[in-house]
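**Student:**
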Amino acid sequence: MKWSARRAALVLGLAGLGALGLWRARERLAAALLDWGMAPLDRLGLARLRARTVGPAAGRVLEIGVGTGRNFGLYQKARLVVALDPDLTLLAQAARQARRERRPVYLVAGRAEALPFRSAAFDTVVATLVFCTVGDPAQGLAEVRRVLAPGGELRLLEHVRAPWPWLAVLQERLTPLWQRLAGGCHLDRETATLVRAAGFTLETVRPHLGGLLLEIVARPA
Ligand SMILES: C[S@@+](CC[C@H](N)C(=O)[O-])C[C@H]1O[C@@H](n2cnc3c(N)ncnc32)[C@H](O)[C@@H]1O
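Just so you know, the sequence shown maps onto residues 1436 to 1656 in my numbering.
(1) Is any heavy atom in ligand 1 found nearer than 8 Å to the beta carbon of L1564?
(2) Tell me whether G1500 sits in a helix, a strand or coil according to DSSP, three-state version.
(3) Bridge partners of F1557, per DSSP?
(4) Cβ of L1519 within 9 Å of Cβ of L1542?
(5) When we look at the beta-carbon of A1513 and count the other beta-carbons within 10 Å, is it buried (16 or more) or exposed?
(6) Would you mind sorting P1572 into buried or exposed? The rule is 16 or more other CB atoms within 10 Å of its CB.
(7) Indicate, with yes or no, if ligand 1 has a heavy atom lying under 8 Å from the CB of R1596.
(8) Smallest Cα separation from L1509: which of G1472, V1582 and T1563?
(9) Measuring CA to CA, which of G1586, T1626, A1632 and A1633 is closest to V1640?
(10) Between the alpha carbons of P1655 and L1497, how many angstroms are there, rounded?
(11) On the three-state DSSP scale, how would you describe D1520?
(12) Counting pairs of beta carbons, one from the segment 1631 to 1640 and one from the segment 1600 to 1611, are three or more of them closer than 8 Å?
(13) Give me, in chain order, the residues of the same chain whose beta-carbon lies closer than 7 Å to that of A1486; leave out the 5 immediate sequence neighbours on both sides.
(14) Which one of A1474, E1650 and D1558 has the shortest CA to CA distance from A1493?
(15) In the DSSP assignment, the alpha helix (DSSP H) including V1489 goes from what residue to what residue?
(16) Flag this pair as yes or no: are the beta carbons of I1651 and V1579 separated by less than 9 Å?
(17) DSSP state of P1598, grouped into three classes?
(18) Would you please state the rounded distance, in angstroms, between the beta carbons of G1502 and L1525? I believe it to be under 8 Å.
(19) Can you tell me whether G1619 is buried or exposed? The criterion is at least 16 other CB atoms within 10 Å of its CB, across all chains shown.
(20) V1464 to L1589, Cα distance in whole Å?
(21) Measuring only the C-alpha atoms, how far is A1529 from S1439?
(22) Based on Cα-Cα distance, which residue from V1489, G1504 and L1583 lies nearest to S1554?
(23) Measuring only from the beta carbon, is L1602 closer than 8 Å to any heavy atom that is part of ligand 1?
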């Protein structure tokens, strides 16, 4: 069979579309896995901790790393919620969730390390299970401090490096593999230390699961 340039272009185009389809399917699968993975954890008690972190967030709220929008229904005091995530597939799912909420939720594509907002734009910044994954958490927290209004509040729920040395060493060893499996998640992040180093005063650090999970409330120092 003789291959004309047109036929070759057609085949290449179809292969490209197929690859794109597979890539999108992979992204959609990752989004579904995030939701399926979170659902049992929420039933096991994570939902209660989410509610404690998210519920009191007041005024103009920025939620970083919203994922599929599992927290949207938990806001009690927010006037409006701006919800940021770098993953467009997750944001599309979050958008569907946002349409069911009674308070305004505005979705924005972006990363913690370069927040696309003016300084002092928010009264509260919220993140649940996010700073384990942020590529440069120090830069991300510096950005959070910048966009928080004076007297504003940072409310986090994060899994962190274990307080027991043997488990912390295990977390360190497992992190390179885990990062690949779990979208860049670090098991051994010392998030409370990073928050303090970014210029915050820690008001509350409430440990759960023997210190593997922390509720953190902090304000710019
Ligand atoms: C484990 S999921 C948690 C999702 C959601 N917060 C929850 O509690 O269900 C981590 C989220 O952080 C987002 N993320 C990863 N890197 C980020 C970054 N640099 N800035 C902001 N969000 C990021 C991911 O896209 C993902 O949605």
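Glycine included, every Cβ here is placed at the ideal spot set by N, Cα and C.
Because the structure is a prediction, the values reported are computed rather than measured.
**Tutor:** On the basis of the data shown:
(1) yes
(2) coil
(3) L1583
(4) yes
(5) buried
(6) buried
(7) no
(8) T1563
(9) T1626
(10) 15 Å
(11) strand
(12) no
(13) L1509
(14) D1558
(15) A1482 to V1489
(16) no
(17) coil
(18) 5 Å
(19) exposed
(20) It is Leu, not Val, that sits at residue 1464 in the sequence shown. Cα to Cα, the separation comes out at about 31 Å.
(21) 45 Å
(22) L1583
(23) no
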